[in-house]
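The structure appears below as C-alpha cells.
There are 2 protein chains.
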Amino acid sequence: MAVTIRDVARAAGVGVATVSRVLNNSGPVKEETRRRVAEAARRLGYVPHGAARSLITRRTQTLGVLLPDLYGEFYSELVRGMDQEARRRGYYLLVSGMHADPKEIRTIVGTMRGRVDGLILMAPHLSPELLREHLPRDVAVVLIGARAPFPCDTVRIDNVAGARAAVTHLIRQGHQRLAVLTGPLSNQEARERLEGYRLALQEAGISVRPELEVEGDFTEASGYELGRRILSLAPSAVFVANDAMAIGLLRFLHEAGVHVPDQLALVGFDDIPMARYTRPALTTVQSPISELGSRAVRLLEEALAEGSGHVPRDIVLPTRLVVRESCGAAEGRVISPGSTINH
Amino acid sequence: MAVTIRDVARAAGVGVATVSRVLNNSGPVKEETRRRVAEAARRLGYVPHGAARSLITRRTQTLGVLLPDLYGEFYSELVRGMDQEARRRGYYLLVSGMHADPKEIRTIVGTMRGRVDGLILMAPHLSPELLREHLPRDVAVVLIGARAPFPCDTVRIDNVAGARAAVTHLIRQGHQRLAVLTGPLSNQEARERLEGYRLALQEAGISVRPELEVEGDFTEASGYELGRRILSLAPSAVFVANDAMAIGLLRFLHEAGVHVPDQLALVGFDDIPMARYTRPALTTVQSPISELGSRAVRLLEEALAEGSGHVPRDIVLPTRLVVRESCGAAEGRVISPGSTINH
DNA sequence: TTGTATGCGTTATCAT
DNA sequence: ATGATAACGCATACAA
Numbered sequence: 002m003a004v005t006i007r008d009v010a011r012a013a014g015v016g017v018a019t020v021s022r023v024l025n026n027s028g029p030v031k032e033e034t035r036r037r038v039a040e041a042a043r044r045l046g047y048v049p050h051g052a053a054r055s056l057i058t059r060r061t062q063t064l065g066v067l068l069p070d071l072y073g074e075f076y077s078e079l080v081r082g083m084d085q086e087a088r089r090r091g092y093y094l095l096v097s098g099m100h101a102d103p104k105e106i107r108t109i110v111g112t113m114r115g116r117v118d119g120l121i122l123m124a125p126h127l128s129p130e131l132l133r134e135h136l137p138r139d140v141a142v143v144l145i146g147a148r149a150p151f152p153c154d155t156v157r158i159d160n161v162a163g164a165r166a167a168v169t170h171l172i173r174q175g176h177q178r179l180a181v182l183t184g185p186l187s188n189q190e191a192r193e194r195l196e197g198y199r200l201a202l203q204e205a206g207i208s209v210r211p212e213l214e215v216e217g218d219f220t221e222a223s224g225y226e227l228g229r230r231i232l233s234l235a236p237s238a239v240f241v242a243n244d245a246m247a248i249g250l251l252r253f254l255h256e257a258g259v260h261v262p263d264q265l266a267l268v269g270f271d272d273i274p275m276a277r278y279t280r281p282a283l284t285t286v287q288s289p290i291s292e293l294g295s296r297a298v299r300l301l302e303e304a305l306a307e308g309s310g311h312v313p314r315d316i317v318l319p320t321r322l323v324v325r326e327s328c329g330a331a332e333g334r335v336i337s338p339g340s341t342i343n344h
Numbered sequence: 002m003a004v005t006i007r008d009v010a011r012a013a014g015v016g017v018a019t020v021s022r023v024l025n026n027s028g029p030v031k032e033e034t035r036r037r038v039a040e041a042a043r044r045l046g047y048v049p050h051g052a053a054r055s056l057i058t059r060r061t062q063t064l065g066v067l068l069p070d071l072y073g074e075f076y077s078e079l080v081r082g083m084d085q086e087a088r089r090r091g092y093y094l095l096v097s098g099m100h101a102d103p104k105e106i107r108t109i110v111g112t113m114r115g116r117v118d119g120l121i122l123m124a125p126h127l128s129p130e131l132l133r134e135h136l137p138r139d140v141a142v143v144l145i146g147a148r149a150p151f152p153c154d155t156v157r158i159d160n161v162a163g164a165r166a167a168v169t170h171l172i173r174q175g176h177q178r179l180a181v182l183t184g185p186l187s188n189q190e191a192r193e194r195l196e197g198y199r200l201a202l203q204e205a206g207i208s209v210r211p212e213l214e215v216e217g218d219f220t221e222a223s224g225y226e227l228g229r230r231i232l233s234l235a236p237s238a239v240f241v242a243n244d245a246m247a248i249g250l251l252r253f254l255h256e257a258g259v260h261v262p263d264q265l266a267l268v269g270f271d272d273i274p275m276a277r278y279t280r281p282a283l284t285t286v287q288s289p290i291s292e293l294g295s296r297a298v299r300l301l302e303e304a305l306a307e308g309s310g311h312v313p314r315d316i317v318l319p320t321r322l323v324v325r326e327s328c329g330a331a332e333g334r335v336i337s338p339g340s341t342i343n344h
C-alpha cells in the first residue's frame with residue numbers, strides 16, 4: 002500500500018489538515034511545522050492520490066481529447082500542440098481517437114464524467130444538429146475545426162481564405178482550367194476549402210464548373226486513386242484540399258509520367274511536416290496545426306477558470322501560402338491571406 | 002450538480018447498494034428490481050463518477066503513456082496502436098510526450114499516482130542505471146523499445162535482425178562500399194541497428210570501417226544536413242537507421258543532383274506510412290509500429306490482471322524488409338529476417 | 001433479495 | 001496555528 006497523508010501526518014507529529022495545508026499552501030502554518038511536514042513528506046516519498054483529491058476538489062487536472070482519428074501527421078501535430086500547452090499549465094491529456102459514430106461520442110463523453118474537467122472535441126463529420134444533441138451540457142467544451150450553430154468555444158482555421166489564396170495564386174500563374182480535389186463534403190472544413198476555391202474562381206471571372214470538382218476523403222490513398230479521374234479532366238492545375246491527398250496524387254502522377262509542375266501544377270493544404278520533403282516540394286497553405294491544439298487547451302482552461310460567467314469565443318487562425326515547387330512559381334514566397342480573429 | 006447513485010436509488014425506490022449491484026452486475030437482484038433500477042438510471046442519464054469509483058476500486062481504467070516526443074509519424078502510429086487496443090479493452094490513455102529529462106519523468110510518474118493503473122514508457126535515451134533508478138516500484142510498467150537490465154515487461158522490435166537483413170540485401174545487390182546513417186548512439190535502438198549493419202558486413206567478409214558510420218539524430222533535418230558528409234564518403238549505398246532521416250537525405254540528394262538508386266542506393270527503417278510516397282519510393286525495414294503500441298497495452302493489462310504473480314515478459318517483434326525503389330532492386334519483394342519471441 | 005453502514009484519501013469546515 | 005471531523009460518490013461487508 003502506498004503512503005497516504007495520514008502516514009505523513011503521523012511521521013511529522015501533526016494532523017492531516019496541517020499536512021494538507023503545507024502541501025497546498027493553503028491556510029497559515031508555523032514555519033517550523035511547515036519544515037517538519039515538508040521533510041516528512043519528502044522522506045516518505047508522499048504523492049497525493051489523484052482520485053481522492055479529485056473527489057473533493059471537483060477538479061481532475063485532466064482534459065479529455067476526442068479526435069476523429071489518430072492517423073497521419075495532422076493529428077500528430079495537433080496532439081503535440083495540445084500536449085505542450087497542457088503540460089505547461091499542469092494538465093493531463095486523456096486522448097481518444099476514432100470516433101466516427103455519434104453515439105460512440107456520446108458514450109465516451111459520458112464515461113469521462115469525473116475523469117476530466119473539460120473536453121476538446123474534433124468532430125468534423127457531425128452535423129450541427131447532431132453536435133447540439135450529443136454535446137454534454139454540464140461540461141466545458143472546446144470545438145476544433147468547426148463552428149457550432151450555437152454559442153460554443155471554437156478554434157478553427159480560416160479555410161476559406163486559405164483556399165482562396167491558394168487558388169488565386171494558381172490563377173496568377175496563368176492557369177485557367179483549375180480542378181479541385183476536395184475532402185469528404187460531409188466535412189465542414191472540406192466544404193469551406195471548396196468554397197474558397199470557388200470564390201477565387203469567381204473573383205477572377207472564371208466560371209465554376211462542377212465537373213472539375215472531385216471529392217476525396219482526405220487520405221493519401223484517395224489522392225492516389227483519384228489521380229486517373231483528375232487527369233481525365235485535363236486541368237492545368239489542381240488545388241488539393243489537404244497535403245495527405247496531395248502526396249498520394251503526386252505519387253500517382255509520377256507513376257503516370259506526368260511532370261509536376263510543368264504538365265500539372267499542384268497546391269496542397271495544411272503544410273504537414275512532410276510537405277517540404279515531397280518531390281517536387283509541395284506548395285501548400287500552411288495551417289498552424291500545433292497552434293490549433295495549444296489554443297484549444299488555452300481556451301478550455303480560460304473557460305474552466307471563468308466558470309459560468311464565461312462567454313464563448315470563436316477563434317479563427319490565419320493561414321499563409323507557402324510557395325515551394327509543385328505550383329511552378331519561384332520558391333520561397335509566402336503569401337498571407339490576411340487574418341481574422343473574432344472575440 | 003450531476004446525478005449521483007443516490008438520486009437513482011431514490012428514483013427507483015431502492016437502496017444505493019442495489020443500484021450498484023445492477024449497474025455492475027454484481028450480486029443477485031430480482032429481475033423486476035433490476036428493470037426498475039436500469040430504467041431510472043437511463044432516465045436520469047446517470048453515469049458513475051470516475052474518481053469516486055477509482056477511490057474505492059483501486060482501479061482507474063487508465064493507462065499512462067510517457068513518450069520521448071510526439072513529433073512525426075512514428076509516434077502517431079504508436080499512439081494509434083495503443084488507442085485502438087486500449088479502447089477495445091475499456092481503458093483510457095493518459096498521454097504525455099516530450100520527456101527528455103530523467104527528473105521530469107520521475108515527477109510525472111509521481112503525479113500520476115491515483116490516476117493510472119499502469120505505465121507504458123518509452124525512454125530510449127535513458128541509461129539502464131537511470132532507468133532502474135527512476136522507475137516506480139509500486140506501479141506496473143511496460144517498456145517500449147528497449148530491454149531493461151532487470152526483470153521488466155518489454156515490447157521491442159528486432160532491430161539487429163532488421164538492420165542486418167537490410168544491409169545484406171544491399172550487399173546482394175553488389176554493393177561493397179556501404180555507409181550507415183545511425184540514430185543518436187545514446188539511444189539503444191540506434192545502437193542495435195548499427196550492430197545489425199556491422200553484422201551483415203562481417204558475414205559478407207566486408208571490413209567494418211568506422212569512417213563510413215555517420216551519427217544522426219533520427220530527424221528529417223539531420224538526414225538532410227548530413228547528406229553532404231555522406232556524399233563525401235563516396236559510398237555506393239547507405240543504410241539509414243530510420244525513415245525520417247532517409248526522407249531528409251533523399252531531399253538533399255535530389256537537390257544535389259544525385260540519382261537514387263543509380264548513383265546511390267538507400268534503405269530506411271520503420272516503414273512509416275509516408276515511406277511508400279517518397280520518390281523514389283523508400284525500400285525500408287518494416288517495423289510493426291502500431292502493433293508495438295497495441296502489444297504494450299495488452300501486456301500491461303495482463304500484468305495488471307495477474308498482479309504480483311506476474312512474471313515479466315520480453316516481447317520481440319519481427320521486422321520484414323519491404324523492397325521498393327530506393328535500393329535499386331525489383332519492387333515488391335519482401336524479405337523476412339525471421340522472428341524471435343521470448344516468453 | 002435487499003438495505004445500512006463503513007471506508008477509500010483527500011480537502012474543507014469547524015472548533016479550539 | 002492546529003486538530004477533529006464531515007463531506008466527496010462509490011462499492012462492499014454485513015445485517016436483515
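In order, the protein sequences belong to chains A and B.
For the first sequence, the numbering used here gives the first residue as 2, with consecutive numbering after it.
For the second sequence, the numbering used here gives the first residue as 2, with consecutive numbering after it.
Glycine is no exception: its CB is placed at the ideal position from the N, C-alpha and C atoms.
Amino acids of chain B, ordered along the chain, whose beta-carbon sits closer than 9 Å to that of residue i
i, result
"residue 316 (chain A)", "Chain B residues near residue 316 (chain A): none, gap ~22 Å exceeds 9 Å."
Residue range of the unbroken beta strand (DSSP E) whose run includes residue i
i, result
"residue 63 (chain A)", "63-67"
"residue 316 (chain B)", "315-318"
"residue 145 (chain B)", "141-145"
"residue 291 (chain B)", "Not the beta strand (DSSP E): residue 291 (chain B) falls in the alpha helix (DSSP H), residues 290-307."
"residue 179 (chain A)", "179-183"
Where residue i falls, given that 16 or more other Cβ within 10 Å makes a residue buried
i, result
"residue 57 (chain A)", "exposed"
"residue 134 (chain A)", "exposed"
"residue 235 (chain A)", "exposed"
"residue 42 (chain A)", "buried"
"residue 193 (chain B)", "buried"
"residue 329 (chain A)", "buried"
Sub-8 Å separation of residue i and residue j beta-carbons
i, j, result
"residue 122 (chain B)", "residue 142 (chain B)", "yes"
"residue 248 (chain B)", "residue 180 (chain B)", "no"
"residue 270 (chain A)", "residue 147 (chain A)", "no"
"residue 301 (chain A)", "residue 170 (chain A)", "no"
"residue 218 (chain B)", "residue 184 (chain B)", "yes"
"residue 9 (chain B)", "residue 45 (chain B)", "yes"
"residue 246 (chain A)", "residue 212 (chain A)", "no"
"residue 13 (chain A)", "residue 38 (chain A)", "yes"
"residue 93 (chain B)", "residue 87 (chain B)", "yes"
"residue 278 (chain B)", "residue 252 (chain B)", "no"
"residue 106 (chain B)", "residue 293 (chain B)", "no"
Within chain B, the residues that residue i reaches when beta carbons sit closer than 8 Å
i, result
"residue 135 (chain A)", "Ordered by position in chain B, no residue passes the 8 Å Cβ test against residue 135 (chain A), which lies about 13 Å from the chain."
"residue 244 (chain A)", "Here the premise fails: no neighbours, minimum Cβ distance about 11 Å."
"residue 274 (chain A)", "72, 73, 221"
"residue 3 (chain A)", "114, 139"
"residue 248 (chain A)", "275, 278"
Closer than 7 Å at the beta carbon, the chain B residues around residue i
i, result
"residue 51 (chain A)", "114, 115, 116"
"residue 61 (chain A)", "52"
"residue 346 (chain A)", "The question about residue 346 (chain A) has no answer here: the residues shown for chain A are numbered 2 through 344."
Residue i versus residue j: straight-line alpha-carbon distance, rounded
i, j, result
"residue 242 (chain B)", "residue 202 (chain B)", "15 Å"
"residue 188 (chain A)", "residue 35 (chain B)", "42 Å"
"residue 52 (chain B)", "residue 63 (chain B)", "11 Å"
"residue 250 (chain A)", "residue 215 (chain A)", "12 Å"
"residue 287 (chain B)", "residue 327 (chain A)", "29 Å"
"residue 55 (chain A)", "residue 115 (chain A)", "8 Å"
"residue 1 (chain A)", "residue 309 (chain B)", "Only positions 2 to 344 of chain A appear in this structure, which leaves residue 1 (chain A) out of reach."
"residue 29 (chain A)", "residue 22 (chain A)", "7 Å"
"residue 307 (chain B)", "residue 75 (chain B)", "31 Å"
Host alpha helix (DSSP H) of residue i (start-end)
i, result
"residue 130 (chain B)", "129-135"
"residue 225 (chain A)", "221-226"
"residue 173 (chain A)", "160-173"
"residue 237 (chain A)", "Per DSSP, residue 237 (chain A) belongs to no alpha helix (DSSP H) and is neither H nor E."
"residue 253 (chain B)", "244-256"
"residue 84 (chain A)", "74-89"
Proximal chain A residues relative to residue i, where beta-carbon distance stays under 7 Å
i, result
"residue 300 (chain B)", "Correct list: empty, because the minimum Cβ distance to chain A is about 20 Å."
Closer than 7 Å: residue i CB and nearest the ligand GTP heavy atom
i, result
"residue 206 (chain B)", "The ligand GTP is absent from the structure shown, which contains no ligands of any kind."
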